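Asker: Using our numbering, you'd call the opening residue of the sequence shown number -8 and step up by one each time.
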Amino acid sequence: MTLDELIERLQDMREQLSDGDVEVLVVHQPGYPLQEIISGVWMPEDDQSGSCSKCGRILDHGECPGCGWTPDGGKDKEHFVYVVANGHHHTASPYGPRRAFDETN
Ligand SMILES: [Zn+2]
């Protein structure tokens, strides 16, 4: 699921609720469903202006003069945004609802 799709689905849910002050949990492991709180979201820092991923040479911009590696080369597909799950809710059950997997839209 892309970031835009996630935002859209969350927005749809928000419009169905009269109040947005609702805790969001992550449910995972369909075979043995567990639920966890979300502590934040994270995106890896862009290290493209730092050093060459191949030979370690310090780069200003663009192609590495040492080995020819380019910051954009082949890295696009590895770009992720993370929702960070961080343990059990202090009052809710650690076990997640199995229905969440069957009824996902
Ligand atoms: Zn290099």
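All C-beta atoms, glycine included, are put in the ideal place defined by N, C-alpha and C.
This structure is a prediction, so every number in the text was calculated from the model and none was measured.
Is any heavy atom of ligand 1 found at a distance shorter than 7 Å from the C-beta of G57?
Answerer: Yes, since a heavy atom of ligand 1 falls inside the 7 Å radius drawn around the Cβ of G57.
Asker: For A76, name the three-state secondary structure that DSSP assigns.
Answerer: In this structure, A76 counts as strand in the three-state DSSP scheme.
Asker: What residues in its chain sit with their C-beta under 6 Å from that of C43, if we drop five residues either side in the sequence?
Answerer: Excluding positions up to five away in sequence, the list reads L50, C55 and W60.
Asker: Which residues does DSSP pair with Y86 in a beta bridge?
Answerer: Y86 is bridged to L25.
Asker: Under 8 Å, do V32 and Y86 count as touching if we go by C-beta distance?
Answerer: Result no, Cβ atoms of V32 and Y86 do not sit closer than 8 Å.
Asker: What are the boundary residues of the beta strand (DSSP E) that L16 is part of?
Answerer: L16 to H19 is the extent of the beta strand (DSSP E) around L16.
Asker: Buried or exposed: Q7, going by 16 or more other Cβ atoms within 10 Å of its Cβ?
Answerer: Exposed is the call here.
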